[in-house]
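These notes are about the structure you will find just below.
Protein chains: 2
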Amino acid sequence: MERAILEGVMKLLEEGVPLAELSIERVARTAGVGKATIYRRWSGKEELFVDVVRAAEPPDPELPGTSLRDDLVVLLESLRRRGLVSRSSAILHNVYAQMKSSPRIWAAYHAGVIAPRRDLALDLLRRAQENGEIRADIDLDLANDMFVGPMLVRSVMRPDAELPEGLAEQIVDAVLDGLRPVRSTAP
Amino acid sequence: MERAILEGVMKLLEEGVPLAELSIERVARTAGVGKATIYRRWSGKEELFVDVVRAAEPPDPELPGTSLRDDLVVLLESLRRRGLVSRSSAILHNVYAQMKSSPRIWAAYHAGVIAPRRDLALDLLRRAQENGEIRADIDLDLANDMFVGPMLVRSVMRPDAELPEGLAEQIVDAVLDGLRPVRSTAP
C-alpha cells in the first residue's frame, strides 16, 4: 500500500507534474486509494514527499566500524553514489531543485534525511576525537564539512566535475593527512 | 550609461519581476535607453544579467602574494563575504536560485565569474605545488575543492550554519595541516 502511494507520486513526477501541483487528492487518485489512507501514514504532503525522495535515493550506509578511515570512506562513498544517482536521474535532479525552492519541503527533507546523516558523521568524529585519532583542537562541525564539502561541491555545484571511483578514499586520506609535505609544527 | 542599465535591471528584480520575464525591451524602457544601446554592450540577456550579479557581489580579491597561507585565506575570506552578502540580500539570494534553474544564464555566470575565480585559485595551488609547499601527489582540482568545499557547504547548502570571522583561517590551516594528531607516514 505504502509502496503503491510512493510509486504513484513518482509516476506523477515522471509525467512532469510540478511539485506545487501535487495535491494529496491527486496522489490518492493516481494510487487508487482514499485520501484518508494517505493521511493515516503521512501528516502532510511534505512528509509524503520526503519519503518519495528517500525511496529513490540509495539507502543510508552501514558503518563497518573497522577503523575511522573505513567508516569515513563508507560515508563519503554513499555521498558519491547519491551524486551519481542524482545525475543519472533527470527526475530526481529536478525534484532536488524544486525541493530547494519550497522552504517547507526542504525543511522536512532536512529534518528527515540530512540531519540524521549529519548526526551519524558527527558521532563518528566525536568518538575519533575522544580516542585521539583526530586533533583535539578541531571543531567537529568544521571537520565534518571538510570531509563532506569537497564531495558535495563536485556532485552538486560542479555538475561537469567527475565523480570517479576512489574519490572517497582520496578525500578522506587528504583531509586526514593534510596538504603540506611535512607538518610545520607538532600539535 | 552602463551603470543606469545595471541599476534598471536591479530595480526590476527588487520589484519582484521574475528573471524569465526580464526582456531586453523591458530593461531598456526602465533604464530610459534604446534597445540598441544595450545590445552594443551586451550580446544578450544572459551576459547582461551576469554583469548585474557581478556588480551586486563583493569584488574579486587581490592576492597579497606574501605566502601561500595568506593568499588562500584571502580567497576563502572573499567566499565568506560573498556568502554573507547573499544571505543578507533577499534579492541576490533569489537571483542565485533563479539563475540555477536557467541553464543558459548559469552557463554564462559560470564562464564569466566562477571559472576565472577557480583559475586564480588553481594557479596559486600549482605554483605552491611546484615550490614544494603542497604535496606532489595531490590532484590540484581536489586540493581546490578541499579549501573551497567547506566554505561553500556552509554558505550555500547549510543556510543555518554560521560564517564567523576567522573561518577562512581555520579552514586553510586545517586543510594544510590535516586532522590527524600526527602524520601516519612520511610522504
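Keeping their order, the protein sequence lines are chains A and B. Sequential numbering from 1 applies to the first sequence in UniProt numbering. Sequential numbering from 1 applies to the second sequence in UniProt numbering. Every residue, glycine too, gets a C-beta built ideally from N, C-alpha and C.
- DSSP places N131 of chain A in the coil class of the three-state scheme, outside both helix and strand.
- Here DSSP, grouped into helix, strand and coil, assigns I138 of chain B to coil.
- Of all residues in the region 89-110 of chain A, only A97, K100 and S101 place a beta-carbon less than 8 Å from a beta-carbon of chain B.
- Each of A:R87, A:V53, A:A4 and A:A128 was checked against the Cα of G65 of chain A, and the nearest Cα belongs to A:A128.
- In the DSSP assignment, D71 of chain A falls within the alpha helix (DSSP H) that extends over L68 to S88.
- Here DSSP, grouped into helix, strand and coil, assigns R158 of chain B to coil.
- Among the CB atoms of chain B, none fall inside 7 Å of the CB of P159 of chain A.
- In this structure, M146 of chain A places its C-beta atom within 7 Å of the C-beta atom of P150 of chain B.
- Per DSSP, the continuous alpha helix (DSSP H) segment holding R29 of chain A begins and ends at I24 to A31.
- 7 Å or more divides the Cβ of G83 of chain A from the Cβ of S23 of chain A.
- Under the Cβ criterion of 7 Å, G178 of chain A is counted among the residues facing chain B.
- Between the region 103-114 of chain B and the region 30-37 of chain B there are fewer than three C-beta pairs closer than 8 Å, too few to call the two in contact.
- Between V74 of chain A and V172 of chain A, the C-beta gap is not smaller than 7 Å, which leaves the two residues out of contact.
- Closer than 7 Å to the CB of A143 of chain B there is at least one CB belonging to chain A.
- Three or more beta-carbon pairs separated by less than 8 Å link the region 40-53 of chain B to the region 12-28 of chain B, which places the two stretches in contact.
- L152 of chain A belongs to the set of residues whose beta carbon lies under 7 Å from a beta carbon in chain B.
- Three or more beta-carbon pairs separated by less than 8 Å link the region 88-106 of chain B to the region 2-21 of chain B, which places the two stretches in contact.
- For G16 of chain A, there are no C-beta contacts with chain B under 7 Å, since the nearest C-beta of that chain is about 15 Å from it.
- With a threshold of 16 other beta carbon atoms within 10 Å, R80 of chain B meets it and is buried.
- In terms of Cα proximity to L13 of chain B, the closest of B:L122, B:E130, B:L92 and B:V153 is B:L92.
- With a beta-carbon spacing of about 6 Å, L179 of chain A and V175 of chain B fall inside the 8 Å limit used to define contacts.
- Annotation: R29 of chain B to A55 of chain B spans about 20 Å, alpha carbon to alpha carbon.
- Judged by DSSP secondary structure, R104 of chain B falls within the alpha helix (DSSP H) whose first and last residues are P103 to Y109.
- Residue environment analysis places I114 of chain A among the exposed positions, since fewer than 16 neighbouring C-beta atoms fall within 10 angstroms of its C-beta.
- Annotation: Cβ neighbours of G132 of chain B in chain A (cutoff 9 Å, chain order): P181.
- Taken through DSSP and simplified to helix, strand or coil, V17 of chain A comes out as coil.
- In this structure, the beta-carbon distance from L124 of chain B to D71 of chain B falls below 7 Å.
- As the crow flies, the alpha-carbon of L63 of chain B is around 9 Å from that of L120 of chain B.
- I114 of chain A: not part of any alpha helix (DSSP H); DSSP gives it neither H nor E.
- For P58 of chain B, same chain residues with a beta-carbon under 8 Å away, outside a window of 5 residues either side, are S78, R81, R82 and V85 in chain order.
- In the structure shown, G8 of chain B falls within a helical segment according to DSSP collapsed to helix, strand and coil.
- Between N144 of chain B and L122 of chain B, the CB-CB gap stays under 7 Å.
- Judged by their CB atoms, L142 of chain B and R126 of chain B are not nearer to each other than the 7 Å cut-off.
- Distances from the alpha-carbon of S67 of chain A to those of A:M1, A:G132 and A:E162 put A:G132 closest.
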